[in-house]
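What follows is a single structure, written as structure tokens, with notes after it.
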Amino acid sequence: MKSADLLSLSRLASSLGLTAQDWQYLRKPIITTFIIFHLVCNFSYLFNNHPFFSSIVTTVWPYYAYLGLDQNWGVFAPKPREDNPHMVAMISYRDGSTRMWLYPRVERYNLFERMFKERYRKFGDDNTVWPKFRLLWADLAIYIARRNYFDRDNPPETVTLIRMSRHIDPPEIGLHKLLNGPHNEVDPFLTYNVRADDLSNLTDADLTDNARGRN
Amino acid sequence: MQLKDIIAAWDRIWFTETSPLPLGALRIAIGIIYFLFGVMLFPDRMVWFGPDAFTSQATTDLWCGIHALNVFYLYPESKTFVDLVFYTYIAATILFVVGYKARFAAFIMFVVISSLLHRNPFLFNSGDTFMRVTAFWLIFAPSDRALSLRNYILRRQGRQAEIGTGAGPAFSDYIPVCIWPLRLIQLQVAAVYCQTFFCKVVGPVWIEGLAVYYSSRIEDLQRFPMPFVFQNLLLIKVLSWGTLVLEFALWTAIWIKEFRYPLLAMAVAFHIVIDWHMNIPLFEYLMISSYLAFIYPEDLASACRWLSKKQ
Numbered sequence: 001m002k003s004a005d006l007l008s009l010s011r012l013a014s015s016l017g018l019t020a021q022d023w024q025y026l027r028k029p030i031i032t033t034f035i036i037f038h039l040v041c042n043f044s045y046l047f048n049n050h051p052f053f054s055s056i057v058t059t060v061w062p063y064y065a066y067l068g069l070d071q072n073w074g075v076f077a078p079k080p081r082e083d084n085p086h087m088v089a090m091i092s093y094r095d096g097s098t099r100m101w102l103y104p105r106v107e108r109y110n111l112f113e114r115m116f117k118e119r120y121r122k123f124g125d126d127n128t129v130w131p132k133f134r135l136l137w138a139d140l141a142i143y144i145a146r147r148n149y150f151d152r153d154n155p156p157e158t159v160t161l162i163r164m165s166r167h168i169d170p171p172e173i174g175l176h177k178l179l180n181g182p183h184n185e186v187d188p189f190l191t192y193n194v195r196a197d198d199l200s201n202l203t204d205a206d207l208t209d210n211a212r213g214r215n
Numbered sequence: 001m002q003l004k005d006i007i008a009a010w011d012r013i014w015f016t017e018t019s020p021l022p023l024g025a026l027r028i029a030i031g032i033i034y035f036l037f038g039v040m041l042f043p044d045r046m047v048w049f050g051p052d053a054f055t056s057q058a059t060t061d062l063w064c065g066i067h068a069l070n071v072f073y074l075y076p077e078s079k080t081f082v083d084l085v086f087y088t089y090i091a092a093t094i095l096f097v098v099g100y101k102a103r104f105a106a107f108i109m110f111v112v113i114s115s116l117l118h119r120n121p122f123l124f125n126s127g128d129t130f131m132r133v134t135a136f137w138l139i140f141a142p143s144d145r146a147l148s149l150r151n152y153i154l155r156r157q158g159r160q161a162e163i164g165t166g167a168g169p170a171f172s173d174y175i176p177v178c179i180w181p182l183r184l185i186q187l188q189v190a191a192v193y194c195q196t197f198f199c200k201v202v203g204p205v206w207i208e209g210l211a212v213y214y215s216s217r218i219e220d221l222q223r224f225p226m227p228f229v230f231q232n233l234l235l236i237k238v239l240s241w242g243t244l245v246l247e248f249a250l251w252t253a254i255w256i257k258e259f260r261y262p263l264l265a266m267a268v269a270f271h272i273v274i275d276w277h278m279n280i281p282l283f284e285y286l287m288i289s290s291y292l293a294f295i296y297p298e299d300l301a302s303a304c305r306w307l308s309k310k311q
């Protein structure tokens with residue numbers, strides 16, 4: 001009973017009304033159960049392509065997902081992304097005018113800014129622009145509408161999200177080129193009709209901040 | 001083999017006592033990365049997690065399919081609460097790095113990172129996942145028993161007996177701790193490489209040796225160029241297959257003492273090369289820091305003595 005971690009766990013045990021001997025007796029079974037349970041959870045989740053492991057994941061999912069212990073390490077697997085995308089949005093206003101909004105392009109920032117803006121790359125280029133994440137598109141369009149609302153008399157009416165991309169050339173063509181060409185594949189993937197309640201709780205100060213580019 | 005032999009082996013793997021020094025070193029290195037994680041998210045916190053964020057909580061809940069651990073449910077419309085969550089997180093990481101109430105700090109860190117995930121999971125990468133699950137294991141790890149403010153305070157109070165025996169050279173006389181939390185962290189690192197190996201090895205692009213070609217052409221990931229390397233097909237294939245071999249070794253051969261340090265050295269070089277070329281700000285340093293869990297305590301103690309003599 002000399003180990004330091006045991007000292008603090010013993011204190012916890014005694015606060016629960018257990019004597020040092022009780023804790024000595026219970027310690028290994030409790031910790032072993034904890035370890036085995038989590039090892040089984042992790043193994044089953046990581047290799048859940050077998051029906052047996054899949055059923056274990058289903059059973060433990062409420063605990064596992066609630067805490068956020070789900071994990072996946074398929075970095076560049078089974079293959080790296082084969083497209084270079086970026087996203088723009090076209091906002092049309094009540095008076096018929098339009099405005100282009102550019103989602104941050106991380107590759108155009110300097111090295112320092114890139115470190116802080118990397119999340120935009122993950123959110124946009126890896127995730128949101130692709131059909132798998134269509135559930136997010138309406139939220140994104142609302143966000144853009146709210147940020148591009150400047151005048152009470154001329155609110156945004158539609159937001160069109162557009163994916164601009166270019167497929168990475170296969171090695172036979174692209175081996176000696178380090179930079180991809182322009183993103184000239186254009187895919188408007190959502191046109192969202194802005195509703196009045198999407199813009200309802202914006203104050204005049206918010207509109208002023210929008211106009212000044214603060215938001 | 002008898003049942004008692006299996007129980008003895010289990011005891012040896014999970015319940016051996018060891019120096020807290022690897023956990024202490026890991027705490028400092030990885031704690032700095034937890035701190036930077038918060039600092040780097042801070043400027044855009046409202047864009048990602050605020051009431052008017054890119055994604056609403058309702059959409060995220062629909063995506064996740066579960067009402068998960070998430071402190072943002074408490075005050076979903078409050079920007080001040082988002083600020084408070086971030087300030088609390090950053091304070092916890094500072095406590096963690098200096099080594100005072102480290103388990104409590106790890107608990108706060110875990111709850112906040114998990115909440116951020118469940119508020120907006122679409123901006124997080126594998127490094128963030130590693131931070132989240134490792135924070136969970138760190139809740140159970142007595143990581144402030146070495147190289148810590150806790151020890152400094154105890155020493156100032158004349159309670160040396162709660163830190164170490166005083167017998168033996170510096171950094172080698174800590175009161176031992178049970179090894180199981182450290183083992184869980186080691187297994188977590190091994191699990192990363194194990195699953196990524198199996199995910200990759202089923203992909204034809206990896207088997208053909210072309211994965212590095214494609215990953216080097218992803219524009220938004222590029223940091224510094226490596227012109228010759230990524231324009232030579234043979235080198236590209238060697239790097240692609242080498243990645244698979246190294247990732248395989250990092251969950252198998254790493255458990256063999258003679259292979260451990262050469263493998264870790266290769267893995268450090270591997271991650272530094274990736275960091276040179278790719279803009280994934282914390283991931284590579286996170287993995288490199290996690291290797292401290294694999295350093296033998298006596299070697300870490302020697303390194304600490306060498307460093308303290310240098311000062």
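Line by line, the protein sequences are chains F and E. The first sequence begins at 1 in the numbering used here and counts up by one. The second sequence begins at 1 in the numbering used here and counts up by one. Even glycine gets a Cβ: it sits at the ideal position worked out from N, Cα and C. Because the structure is a prediction, the values reported are computed rather than measured.
{"query": "Cα separation between E/L154 and E/A146?", "result": "12 Å"}
{"query": "Taking 7 Å as the limit between beta carbons, can you name the residues of its chain near E/P281, skipping five residues before and five after?", "result": "M40"}
{"query": "Counting C-beta neighbours from all protein chains within 10 Å, is the total for E/L23 16 or more, i.e. buried, or is it exposed?", "result": "buried"}
{"query": "Could you have a look at F/Y64 and say whether DSSP puts it in helix, strand or coil?", "result": "helix"}
{"query": "In whole angstroms, give me the CA-to-CA distance for F/H183 and F/F76.", "result": "22 Å"}
{"query": "Could you run through the stretch 37-64 of chain E and flag, in chain order, every residue whose CB is less than 8 Å away from some CB of chain F?", "result": "M40, L41, P43, D44, W48, D52, A53, F54, T55, S56, T59, L62, W63, C64"}
{"query": "Quick check on this structure: which residue in F/Y63, F/I142, F/T128, F/R147 has the alpha carbon closest to the alpha carbon of F/D209?", "result": "F/R147"}
{"query": "Using a Cβ-Cβ cutoff of 7 Å, what residues of the stretch 168-193 of chain F are near chain E? List them in chain order.", "result": "I168, P171, G174, L175, H176, L178, N180"}
{"query": "Check E/L282 in the structure and name its three-state DSSP category.", "result": "coil"}
{"query": "Leaving out the 5 sequence neighbours to the left and right, which residues in its chain are closer than 6 Å to E/F230 when beta-carbon positions are compared?", "result": "S216"}
{"query": "Within the 8 Å Cβ cut-off, does E/P76 reach chain F?", "result": "no"}
{"query": "For the stretch 198-221 of chain E, which residues have a CB atom closer than 9 Å to at least one CB atom of chain F, in sequence order?", "result": "F198, C199, K200, V201, V202, G203, P204, V205, W206, L210, A211, V212, Y213, Y214, S215, S216, R217, I218, E219, D220, L221"}
{"query": "Opposite F/S54 in the DSSP bridges: which residues?", "result": "None; F/S54 has no bridge partner."}
{"query": "Mind checking the stretch 183-196 of chain E against chain F and listing, in chain order, the residues whose C-beta falls within less than 9 Å of any C-beta there?", "result": "R183, L184, L187, Q188, A191, V192, Y193, C194, Q195, T196"}
{"query": "Alpha carbon to alpha carbon, how far is F/K2 from F/Q21?", "result": "In this prediction, F/K2 scores a pLDDT of 47, lower than 50, which makes its location untrustworthy; no coordinate-derived value is stated."}
{"query": "Using a cut-off of 7 Å between C-beta atoms, extract the partners of F/L12 located in chain C.", "result": "Absent here is chain C; the protein component of the structure consists of chains F and E."}
{"query": "Which residues does DSSP pair with F/M90 in a beta bridge?", "result": "F/M100, F/T160"}
{"query": "F/V106 CB to nearest chain E CB: under 8 Å?", "result": "yes"}
{"query": "When DSSP labels each residue in this structure, what does F/G72 get in the three-state scheme?", "result": "Rather than Gly, the amino acid found at residue 72 of chain F in this sequence is Asn. DSSP places F/N72 in coil when its eight states are reduced to three."}
{"query": "According to DSSP, simplified to helix, strand and coil, what is E/V111?", "result": "helix"}
{"query": "Using DSSP's beta-bridge definition, name the partner residues of F/E193.", "result": "The residue asked about is misnamed: residue 193 of chain F is Asn in this sequence, not Glu. Paired residue(s): F/T158."}
{"query": "Starting from F/L111, trace the alpha helix (DSSP H) both ways and give me its first and last residue.", "result": "111-120"}
{"query": "Nearest CA to the CA of E/Q222: which residue from F/Y109, F/F123, F/W130, F/V186?", "result": "F/Y109"}
{"query": "Chain E beta carbons: is any one of them nearer than 8 Å to that of F/M1?", "result": "Low per-residue confidence applies at F/M1: pLDDT is 41, beneath 50, and the placement is therefore not dependable, though the value from the model is reported in the following sentence. No - not a single Cβ of chain E is within 8 Å of the one on F/M1."}
{"query": "Between the alpha carbons of F/T19 and F/T33, how many angstroms are there, rounded?", "result": "21 Å"}
{"query": "Strictly under 8 Å for the Cβ-Cβ distance: is F/P78 near chain E by that measure?", "result": "yes"}
{"query": "Is F/M1 helix, strand or coil when you go by DSSP?", "result": "Note that F/M1 scores a pLDDT of 41, beneath 50, so its modelled location is shaky and nothing firm can be said."}
{"query": "Residues of chain E with a CB under 9 Å from the CB of F/V60: which are they?", "result": "Within chain E, no residue comes near F/V60; the closest Cβ sits about 12 Å away, beyond 9 Å."}
{"query": "Run down chain F in chain order and give the residues with a C-beta less than 9 Å from the C-beta of E/Q157.", "result": "Per Cβ cutoff of 9 Å: no residues; E/Q157 is ~16 Å from chain F at best."}
{"query": "Quick check: the Cα distance between E/I13 and E/I179, rounded to an integer number of angstroms?", "result": "8 Å"}
{"query": "So which residues of chain F does E/W255 contact, with C-beta pairs closer than 8 Å?", "result": "Those within 8 Å of E/W255 in chain F number zero; the least Cβ separation is about 15 Å."}
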